[in-house]
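Participant: The numbering of the sequence shown is the working numbering, which starts it at 205 and goes up by one.
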Amino acid sequence: ETLRASLRMTWEAFWGEPMTRSQGRASDSSPRWTVETAVQALRAWAWQEPFLRRARLVACCEPLWLCVLLHAARGGQGLLVRASMCLLHAFEHTFGAKELPEFWPLVQSMGADVLHARGGLSAAAHISAEMLHYQAGLRPPWVPALSLHVASVASYRPASAEVLLFRFRLPMAPGFCRVLRMLAAEMGAGAPNIVEQQPGGRSLSFQEIGNFRAVAMLPHVPYALRLADVFALGSPTFVPAEPLLHKFIWPFAGPFCGRTDPDLSRSLDPLAANTSSHPYSPFTFQGRIFHIDQYHEDRRYWAQYSEWERWPHLLRFRSARELLTMAAGLTEAAAAEVSAKVRAHHAAIASEALAYWRAAALGALAEER
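#1: At the level of alpha carbons, what is the spacing between PRO426 and PHE460?
#2: With DSSP collapsed to three states, give me the class of ALA363.
#3: Please name the residue in GLU240, GLN281 and PRO466 whose C-alpha comes closest to that of VAL318.
#4: Measure the alpha-carbon distance for ARG470 versus ALA428 and round it to whole angstroms.
#5: For GLY491, which residues from the same chain have a beta carbon less than 7 Å from its beta carbon, with the 5 sequence-adjacent residues on both sides left out?
#6: Can you grab the Cα-Cα spacing for the pair GLY228 / GLY220, in whole Å?
#7: Tell me, please, which residues DSSP counts as bridged to ARG286.
#8: Give me the residue from GLU556, LEU527 and GLU446 with the minimum Cα distance to ARG503.
#9: Which runs of the alpha helix (DSSP H), 4 residues or longer, sit entirely within the stretch 466 to 523?
#10: So what does LEU350 bridge to, in DSSP terms?
#11: To the nearest angstrom, how far is the alpha carbon of GLY404 from that of PHE370?
#12: Extract the residue ranges of the beta strand (DSSP E) inside the stretch 230 to 310, only unbroken runs of 3 or more that lie entirely within it.
#13: Indicate the three-state DSSP secondary structure (helix, strand or coil) for ARG573 in the structure shown.
#14: What do you reckon, are the CB atoms on ALA539 and PRO440 nearer than 8 Å?
#15: For VAL419, which residues does DSSP report across the bridge?
#16: With DSSP run on the structure shown, which of helix, strand or coil describes GLU400?
#17: My assumption, with CB atoms under 8 Å, is that PRO344 sits in contact with ALA327. Please give the rounded CB distance.
#18: Of the choices HIS517, ARG525 and ALA294, whose alpha-carbon is the least far from that of ASP467?
#19: For the alpha helix (DSSP H) holding GLY379, just list the boundary residues, first then last.
#20: For TRP237, which residues in the same chain have their Cβ closer than 7 Å to its Cβ, ignoring the five residues on either side in sequence?
#21: Would you kindly report the start and end of the unbroken alpha helix (DSSP H) that includes ALA217?
#22: Among the residues of its own chain, which have a CB less than 7 Å from the CB of PRO235, if the five just before and after it don't count?
#23: Per DSSP, what kind of secondary structure is ALA358 in: helix, strand or coil?
#24: Do VAL546 and PHE380 count as a contact pair if the criterion is CB distance below 8 Å?
#25: Excluding the five sequence neighbours on either side, which residues of its own chain have a C-beta within less than 7 Å of the C-beta of LEU283, listed in chain order?
#26: From the DSSP output, in three-state form, read off ALA554 for me.
#27: Who are the Cβ neighbours of ALA259 in its own chain at under 8 Å, not counting the five residues just before and after it?
#28: Report the residue from VAL419, ALA559, ASP465 and ASP473 whose alpha carbon sits nearest the alpha carbon of HIS517.
#29: Nearest by alpha-carbon distance to MET213: which of GLU240, LEU246, ILE496 and PHE494 is it?
#30: At which residues does the alpha helix (DSSP H) containing GLN411 begin and terminate?
#31: Compute the distance between the beta-carbons of PHE372 and HIS424, then report whether it is under 8 Å.
#32: Per the contact definition of three or more C-beta pairs closer than 8 Å, is the stretch 551 to 570 in contact with the stretch 348 to 357?
#33: What are the start and end residues of the alpha helix (DSSP H) that includes HIS450?
#34: Hey, how far is the Cα of ASN478 from the Cα of GLU266?
#35: Are the Cβ atoms of ALA531 and ILE398 separated by less than 8 Å?
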């Protein structure tokens, strides 16, 4: 509520309705905007908003299509764009498919200016960069999230041998956790002490998380900021390996062009079609129907671009039983060794990412080209 009170303009106030159904948008609402009227409204707002007019740098993130429209409205001067979710996530209920022909040229214009001329477009997730290239022909550099705000206030200082298990509300987690508890009971005294963080329960501080010997995560999408958070802590982290990973990251990956988003979110810019070198589409296997018996190679190929696969020094398990075995065998010394590797890698990527941000800021501040 404090953060919301600080907003100078809310989504609802500008667009006339909440962004998502979970936030209160009517399920039967029809598109209210055209791309042209949205650009005009953004241009008028940007001109009247004193804070925006004074700002030397403007950071735009989600939804990515809003950044495209903002660029069309005010140009690329001082604009940094961060891609994370799917380009067309939440586009359908705001504009509808009829507006795509008007939208794609604006994407290419932003790419030519912000990405190629200024270097100010980056992707927080590797899979987002590759999907954007497949969908629109733009390939921003992958500049991973650093969660420096976490590293500045907390660090890995284990106070016990307990392992913290992050949970989420999607259907796969309760069944997995139930099996985990059954197997732990079977192990008896040799079972590790796994503490489940219940959805809706008390939030732990970053330092409280860092006080566990390790953290175990059950993903819900191909990329999640909480992975960067615990990596910044230096905590040893257990995550699912293939093939178990596919059970978690694809079924509800709507924000990443997944099946729970409308088909429109998987549309391709006609000018970008067949320009990608990827052997498999990131969209075919993510259709509205989840074909568990098909597209095995497609899922395996695209999983390699998820942060759960790309980040090093993660402790990967293929089953609930293997998670228990690995957690039970993670000694204090072994955990400290993993943590040292995590911290060293985090320092390395922080150095590279901050060098990018310095260059991107200078490019964004350059005169219009």
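Yeah, the Cβ is synthetic: ideal placement off N, Cα and C, and Gly gets one too. These figures come from a predicted structure and were not determined experimentally.
Facilitator: The structure says:
#1: 8 Å
#2: coil
#3: GLN281
#4: 20 Å
#5: ARG463
#6: When rounded, the distance between both Cα atoms is 12 Å.
#7: SER326
#8: Per the Cα distances, GLU446.
#9: DSSP runs (the alpha helix (DSSP H)) wholly in the stretch 466 to 523: 500 to 507 and 511 to 514.
#10: Note: LEU350 sits in no beta bridge, so no partner.
#11: Rounded to the nearest angstrom, the two C-alpha atoms are 12 Å apart.
#12: Whole beta strand (DSSP E) segments, 3+ residues: 262 to 264 and 283 to 287.
#13: Note that ARG573 scores a pLDDT of 47, beneath 50, so its modelled location is shaky; the value from the coordinates is reported in the next line. Coil, per DSSP.
#14: yes
#15: Bridge partners of VAL419: LEU368 and THR441.
#16: strand
#17: Correct: roughly 5 Å between the Cβ atoms.
#18: ALA294
#19: Annotation: the continuous alpha helix (DSSP H) that includes GLY379 extends over 376 to 391.
#20: THR298 and PHE299
#21: 215 to 219
#22: HIS297, THR298, PHE299 and GLY300
#23: ALA358 falls in the coil class under three-state DSSP.
#24: No, Cβ-Cβ distance for PHE380 and VAL546 is not below 8 Å.
#25: Closer than 7 Å at Cβ, skipping near neighbours: VAL262, CYS264, HIS275, VAL318, GLY324 and ALA568.
#26: helix
#27: GLY282
#28: VAL419
#29: LEU246
#30: That run of the alpha helix (DSSP H) goes 410 to 414.
#31: yes
#32: yes
#33: 448 to 453
#34: 26 Å
#35: Against a cut-off of 8 Å, the Cβ pair of ILE398 and ALA531 comes out as a contact.
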